[in-house]
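Here's the structure we're looking at; comments come further down.
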Amino acid sequence: MHGGIEHRFGVLFVCLGNICRSPMAEGAFRAAAQQRGLAVDVDSAGTASYHVGHQPDPRAIMVARDNGIDIAGQSARQLERDDFYRFGHIIALDRANLEAVRLKAPRDATASLAMLLDAVEGRRGEPVADPYYGDTAAFEAAWRVINIGVNAWVERLEREAGALRA
Ligand code: 4NP
24 MHGGIEHRFG VLFVCLGNIC RSPMAEGAFR AAAQQRGLAV DVDSAGTASY HVGHQPDPRA
84 IMVARDNGID IAGQSARQLE RDDFYRFGHI IALDRANLEA VRLKAPRDAT ASLAMLLDAV
144 EGRRGEPVAD PYYGDTAAFE AAWRVINIGV NAWVERLERE AGALRA
């Protein structure tokens, strides 16, 4: 660690395919956490298996790159049992995926489950719309709302880390 705030548990972002929304969330979160000196593991996964092993969608790579973040090295994987013990927070990008995560959760899971915008004042329960069948503008819109959610989570985890140290 480099003298920043350490948080014991990581965060896992989850969408359907793990090629559009959750890879953008992972990249945005990693950059925001690093910028603020918050040391926390971050990863992403899909509830579905269609795209396992695939690189993020080229449109997601492009919008992230336009915002100074490289997500091209990511590779899609499916949510697995261990994730419910490895991560402190499993953060779904929409309601259907939150429900899919809940259905997969072991009884003694230690992760807490939430949606990305739950951390944003006044936007609790709001989904991030799937841009997969949309155009570039849909990816740009997803990127903007994902960043609002990610920044709110970074702030929440900073408070949690502070409370753990206190
Ligand atoms: P994501 O988007 O869940 O944000 O990665 C999708 C990616 C692939 C599909 C649907 C949504 N698909 O149907 O293949």
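Using our numbering, the first residue of the sequence shown is number 24, and each one after it goes up by one.
Cβ atoms here follow ideal geometry from the backbone N, Cα and C, with glycine treated the same way.
In terms of Cβ geometry, phenylalanine 52 and valine 173 form a close pair [threshold 8 Å]. Here phenylalanine 107 has Ala128, Pro129, Ala132 and Ala134 as same chain residues with Cβ atoms under 6 Å from its own Cβ, once five neighbours each way along the sequence are excluded.
By the neighbour-count criterion, in which 16 or more other beta carbons inside 10 Å mark a residue as buried, glutamate 49 falls on the buried side. Within the DSSP bridge table, the entry for glutamine 101 names Gly69 as partners. Distance from the C-beta of serine 98 to the nearest heavy atom of the ligand 4NP is not below 7 Å. Separation of tyrosine 155 and glutamate 144 (C-alpha to C-alpha, rounded to the nearest whole angstrom) is 27 Å. Here glutamine 58 is exposed. Its C-beta has fewer than 16 other C-beta atoms within 10 Å.
Assignment of leucine 35 by DSSP, reduced to helix, strand and coil, places it in the strand class. In this structure, the C-beta of asparagine 90 stays at least 7 Å away from each heavy atom of the ligand 4NP.
Counting only runs that start and end inside the region 100 to 167, the alpha helix (DSSP H) elements of at least 4 residues fall at 106 to 109 and 118 to 127.
Histidine 74 has its CB nearer than 7 Å to a heavy atom of the ligand 4NP. Contact annotation: the region 113 to 126 does not touch the region 77 to 96, with fewer than three C-beta pairs closer than 8 Å. Look at proline 46 here: in three-state DSSP terms it is helix. Closest in C-alpha terms to cysteine 38, from the list Ala137, Ala68 and His77, comes Ala68.
Within the same chain, Ile94 and Ala95 come within 7 Å of isoleucine 84 by CB-CB distance, once the 5 residues on both sides are set aside. In the structure shown, proline 79 adopts coil according to DSSP, grouped into three states.
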